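Reviewing the structure listed below.
So, in structure tokens, the structure goes:
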């Protein structure tokens, strides 16, 4: 069973630039969600994708956007980067269902530094 | 609003049991209690979850109070590899994966 993989592991960008982070879901999982984790804080929910549609969003501005592909892999895009966007970005996948409460499986994240 | 309250830090001696408390006094009847842990330089890892009854798995046990306003994660024999930040989270379930993490409890294990 292949776990959740994220790329790249580390990234340095300049304020104002755009960035794309990638995530491969665990085999058999059809739901993916993204979290932002600032240093010393718990992860904060950004959004969730199911069947290629966004179906849940946290308190993040529209410059945070995403995609989910037919193979359930996903991208997180951030435009007009700000210094406060520096964080660990975590992808998590799960097998959703109407009556399940399936646990999330997280990747090890992408460390983004904005200078 | 994390909606759960945990101690900032705890210490345990290696090979002793550890009881990590969590208060969730405003929990609704359909909210599950999930526990995740995060080792240094890794993403969070699922530990256990439950609704009303106590739960056991190979990693830990979860004891849920009868009124469901609190719960305790029990590690039966702490090892150095259990040193991590432990998060207690309420989850409304039914396909909702918008987990609200607080700051968690940082567990230190003393050899």
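Residue numbers (our numbering), protein chains in the order written: chain A, 1 to 115; chain B, 116 to 226. Using N, Cα and C, we set each Cβ at its ideal position, and we do this for glycine too. This structure is a prediction, so every number in the text was calculated from the model and none was measured.
So, under 8 angstroms CB-CB, residue i and residue j are touching, yes? Tell me the CB distance rounded to an integer number of Å.
{"i": "residue 187(B)", "j": "residue 136(B)", "result": "5 angstroms"}
{"i": "residue 41(A)", "j": "residue 218(B)", "result": "7 angstroms"}
{"i": "residue 29(A)", "j": "residue 94(A)", "result": "6 angstroms"}
{"i": "residue 89(A)", "j": "residue 104(A)", "result": "Actually they do not touch by this definition, with Cβ atoms about 15 angstroms apart."}
{"i": "residue 205(B)", "j": "residue 118(B)", "result": "5 angstroms"}
Can you tell me the Cα-Cα spacing of residue i and residue j, whole angstroms?
{"i": "residue 184(B)", "j": "residue 178(B)", "result": "11 angstroms"}
{"i": "residue 4(A)", "j": "residue 222(B)", "result": "25 angstroms"}
{"i": "residue 2(A)", "j": "residue 172(B)", "result": "22 angstroms"}
{"i": "residue 31(A)", "j": "residue 169(B)", "result": "28 angstroms"}
{"i": "residue 159(B)", "j": "residue 16(A)", "result": "30 angstroms"}
{"i": "residue 56(A)", "j": "residue 96(A)", "result": "13 angstroms"}
{"i": "residue 124(B)", "j": "residue 18(A)", "result": "37 angstroms"}
{"i": "residue 27(A)", "j": "residue 66(A)", "result": "20 angstroms"}
{"i": "residue 33(A)", "j": "residue 193(B)", "result": "31 angstroms"}
{"i": "residue 133(B)", "j": "residue 176(B)", "result": "11 angstroms"}
{"i": "residue 84(A)", "j": "residue 226(B)", "result": "38 angstroms"}
{"i": "residue 11(A)", "j": "residue 71(A)", "result": "25 angstroms"}
{"i": "residue 127(B)", "j": "residue 201(B)", "result": "14 angstroms"}
{"i": "residue 190(B)", "j": "residue 150(B)", "result": "12 angstroms"}
{"i": "residue 86(A)", "j": "residue 38(A)", "result": "7 angstroms"}
{"i": "residue 6(A)", "j": "residue 76(A)", "result": "11 angstroms"}
Taking the beta strand (DSSP E) that residue i belongs to, which residues open and close that run?
{"i": "residue 220(B)", "result": "220–225"}
{"i": "residue 32(A)", "result": "31–37"}
{"i": "residue 13(A)", "result": "10–13"}
{"i": "residue 161(B)", "result": "160–165"}
{"i": "residue 54(A)", "result": "53–57"}
{"i": "residue 191(B)", "result": "Careful: residue 191(B) lies outside any beta strand (DSSP E) and carries neither H nor E."}
{"i": "residue 47(A)", "result": "44–50"}
{"i": "residue 66(A)", "result": "64–68"}
{"i": "residue 125(B)", "result": "124–128"}
{"i": "residue 237(B)", "result": "Residue 237(B) lies beyond the range of chain B shown here (116 to 226); nothing can be said about it."}
{"i": "residue 77(A)", "result": "74–78"}
{"i": "residue 206(B)", "result": "199–206"}
{"i": "residue 153(B)", "result": "147–153"}
{"i": "residue 24(A)", "result": "19–24"}
{"i": "residue 133(B)", "result": "133–138"}
For the stretch 134–147 of chain B, enumerate the residues whose C-beta is nearer than 9 angstroms to any C-beta of chain A, in chain order.
Against chain A - using a Cβ distance shorter than 9 angstroms - the residues of the stretch 134–147 of chain B are 147.
Members of the stretch 41–57 of chain A that neighbour chain B once the beta carbon cut-off is set at 8 angstroms:
41, 42, 43, 44, 45, 48, 50 and 56
Return the residues of the stretch 100–113 of chain A that lie within a Cβ-Cβ distance of less than 8 angstroms from chain B, sorted by chain order.
100, 101, 103, 104, 105, 106, 107, 108 and 109
Chain A contacts from the stretch 190–206 of chain B (Cβ-Cβ distance under 7 angstroms)
202 and 206
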